[in-house]
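Chemist: One structure is given below, represented as structure tokens, and several questions about it will come after.
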Amino acid sequence: MKFSKIIMFALVFSVTTTTYLNAQNQKASQTVQYDFLKGLTKANENEMSDQQIMLDGESIPVYSAEGKRVRDMEMMQLMTSSGVSLDFYLDAEKEIRAIILNVSEDDAEQSNQENEQVRQPQQDQVGSDAPDFSAKDMNGKTYSLSSL
């Protein structure tokens, strides 16, 4: 009886593991291939360590994660958003020929929420007394709000 439980557990474990690994492989193979990436290979960190990069959007084309070419302000907005990662694509001579800006949805949403909180004024503090504070100047003299 105990032996059959062990066999059953091992069988369930192997099926679950196989299913999980298969799902991971399918997800990895679903990377989108665009026409502009034909003949290019994705660069790794070692290949990028000595590269000089000019991110103007013209000398090296920059694309969004959806494959749309981005330039000027649109490129800058994507670059400054939180959670952006750059994927560099090289030709046979190891020259950068394309850059893809990938934005993590979770990081972008969190960044948008943080920016919204910063932009909204704190209406509940308008007209109320400032909290007491103290500060020391370069000569060692201490000042506080209550003493002013």
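So the number in my numbering is just where the residue sits in the sequence shown, counting from 1, plus 10.
We put the beta carbon where it would ideally sit given N, CA and C, even for glycine.
Could you give the distance in angstroms between the alpha-carbon of Met85 and the alpha-carbon of Met148?
Modeler: Taking the sequence shown and counting its residues from 1, one reaches residue 85 at position 75. Taking the sequence shown and counting its residues from 1, one reaches residue 148 at position 138. Roughly 45 Å between the two C-alpha positions.
Chemist: Are Ser114 and Gly93 close, meaning C-beta to C-beta below 8 Å?
Modeler: Position 104 of the sequence shown, counting from 1, holds the residue named residue 114. Position 83 of the sequence shown, counting from 1, holds the residue named residue 93. Cβ distance < 8 Å, so Ser114 and Gly93 count as in contact.
Chemist: Determine the extent of the alpha helix (DSSP H) in which Asp82 is found, giving its start and end residues.
Modeler: Position 72 of the sequence shown, counted from the start, is the residue given in the question as residue 82. For Asp82, the uninterrupted alpha helix (DSSP H) run begins and ends at Asp82 to Thr90, by DSSP.
Chemist: Which residues in the same chain as Leu100 place their Cβ atom closer than 7 Å to its Cβ, once the five residues preceding and following it in sequence are excluded?
Modeler: Taking the first residue of the sequence shown as 1, we reach residue 100 at position 90. The answer, listed in chain order, is Leu50, Thr51, Ala53, Glu57, Ile106 and Arg107.
Chemist: Which residues in the same chain have their Cβ closer than 7 Å to the Cβ of Leu96, if we skip the five residues on either side of it in sequence?
Modeler: Residue numbering aside, residue 96 sits at position 86 when the sequence shown is read from its first letter. Result list for Leu96: Ile109 and Leu111, in chain order.
Chemist: Could you please give the first and the last residue of the uninterrupted beta strand (DSSP E) stretch that includes Asn54?
Modeler: The sequence position of residue 54 within the sequence shown is 44, counting from 1. That residue, Asn54, is in no beta strand (DSSP E); it is neither H nor E in DSSP.
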